[in-house]
Every structure is written in C-alpha cells, then in structure tokens.
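Chemist: My questions all concern the structure below.
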Amino acid sequence: MEEKTYVEGFHDKDAVKKVQYNDLGKTGLRVSQLGIGTSSLGNCYEVVGEAADVEMVVEGVRLGLNYVDTAPWYGNRKSEQVLGKALLHVLRKAYYIATKVGRYEPNFEKMFDFSAAKTIESVDQSLQFIGITSYCPDVLQYVLDNSSVKIDTVLNYARSSLLDKSLQEYIPRFQ
Numbered sequence: 001m002e003e004k005t006y007v008e009g010f011h012d013k014d015a016v017k018k019v020q021y022n023d024l025g026k027t028g029l030r031v032s033q034l035g036i037g038t039s040s041l042g043n044c045y046e047v048v049g050e051a052a053d054v055e056m057v058v059e060g061v062r063l064g065l066n067y068v069d070t071a072p073w074y075g076n077r078k079s080e081q082v083l084g085k086a087l088l089h090v091l092r093k094a095y096y097i098a099t100k101v102g103r104y105e106p107n108f109e110k111m112f113d114f115s116a117a118k119t120i121e122s123v124d125q126s127l128q129f130i131g132i133t134s135y136c137p138d139v140l141q142y143v144l145d146n147s148s149v150k151i152d153t154v155l156n157y158a159r160s161s162l163l164d165k166s167l168q169e170y171i172p173r174f175q
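Numbering-wise, the sequence shown is residues 1 to 175 according to UniProt numbering.
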C-alpha cells in the first residue's frame with residue numbers, strides 16, 4: 001500500500017484500496033476524503049454509548065479513514081476522552097488528528113477564549129485526554145522547510161534533557 005498511514009495486519013487492505021485519499025494542501029499528508037468527526041462521541045446529538053463510539057472509531061480507521069477531527073467543545077471534552085479510549089486500540093501511525101481551540105463552555109459569556117494561556121492549556125488538555133504523548137520532529141521540520149510564513153519560535157516541551165535526547169539532531173535546524 002502506498003498510504004503512509006497503512007498498517008499491515010491492522011487495516012482491511014481491500015477496504016483501504018477503495019478509499020479516496022487527497023493531498024492536504026502542501027503538507028505532504030494524504031488524508032481520506034471522508035474523515036471521522038467526533039462530535040457524536042461527546043453526545044452532542046444523542047447518547048449512543050461509549051462501547052459503540054469506540055468501535056466506530058476503531059473500525060473507521062481499520063477501513064481506511066485516516067483523518068480524525070475533534071474539539072474540546074464537543075461534550076465539554078467528552079469526545080476527546082472517548083476518542084482517547086478508542087485510539088488505545090489503533091497504532092499512532094494509522095491516523096492524522098486535528099483539534100480546535102477557542103470555544104469551551106455553553107455559557108455565552110465564557111464560551112470563547114482565544115488567549116495564549118487558554119490556548120496552551122487547551123492543547124495540553126487535548127493531548128492528555130486523547131493520549132498523544134509526543135510529536136514527530138520530522139513533521140515539524142517539514143513544516144519549517146515548506147512554510148510560506150516565517151516561524152520564529154519552536155518550543156521543545158522538555159524534549160531535550162538528560163532523559164530525552166530525541167531533538168538533539170534537530171536543534172541546529174530549529175535555530
């Protein structure tokens with residue numbers, strides 16, 4: 001299979017062959033034309049049940065859907081929590097994930113917050129609930145090399161320490 005997200009032994013090869021994949025802008029990523037939206041995991045429409053929600057995500061990825069979209073707004077982070085449980089059954093290589101920031105609470109006066117502090121808090125919480133513990137430096141390097149916008153700052157989130165030297169080879173390129 002030519003798709004980078006294909007995992008032998010996990011995916012249904014025949015189903016994946018039928019999925020249409022498109023380039024996601026100039027990112028180098030190829031995403032399924034149909035993605036997995038997770039607002040229903042937050043019970044935004046009706047309660048389906050966590051087991052069915054988990055099965056839907058796992059089966060969707062197994063059949064070739066490699067783009068998952070979520071947000072903290074979906075069920076006051078419930079969708080991210082259920083999604084995290086589902087993704088325990090899927091190799092990280094098998095999907096791309098997107099989330100959002102800025103909209104959080106039903107109370108209109110507190111609903112929107114695009115401040116830097118709230119954005120960082122939101123991303124940290126999303127990563128925790130979804131269960132993503134790392135970010136591939138190769139992807140960051142690709143973005144830096146291909147961005148039409150100058151990127152001034154790269155935060156390493158303690159990825160260069162006595163315990164973790166995984167960014168060592170990238171530091172000269174990030175400066």
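In this text, a Cβ means the ideal position worked out from N, Cα and C, and glycines have one as well.
How many angstroms separate the CA atom of residue 23 from the CA atom of residue 45?
Modeler: Roughly 31 Å separates the two Cα atoms.
Chemist: Classify residue 98: buried if its beta carbon has 16 or more other beta carbons within 10 angstroms, exposed otherwise.
Modeler: Exposed, by the Cβ-count rule.
Chemist: Tell me whether the segment 41-57 and the segment 6-17 touch, counting them as touching only if at least three CB pairs, one residue from each stretch, are closer than 8 Å.
Modeler: No: fewer than three Cβ pairs fall under 8 Å.
Chemist: For the beta strand (DSSP E) holding residue 30, just list the boundary residues, first then last.
Modeler: Segment 30-32, the beta strand (DSSP E) holding residue 30.
Chemist: Smallest Cα separation from residue 129: which of 82, 89, 90?
Modeler: When each option's Cα is compared against that of residue 129, the closest is 82.
Chemist: Tell me the start and end of each unbroken beta strand (DSSP E) in the segment 42-127 that is at least 3 residues and wholly inside, in chain order.
Modeler: Complete beta strand (DSSP E) runs here, min 3: 67-69, 96-98.
Chemist: When you compare the CB positions of residue 68 and residue 95, do they come within less than 8 Å of one another, or not?
Modeler: Yes, the Cβ-Cβ distance between residue 68 and residue 95 is below 8 Å.
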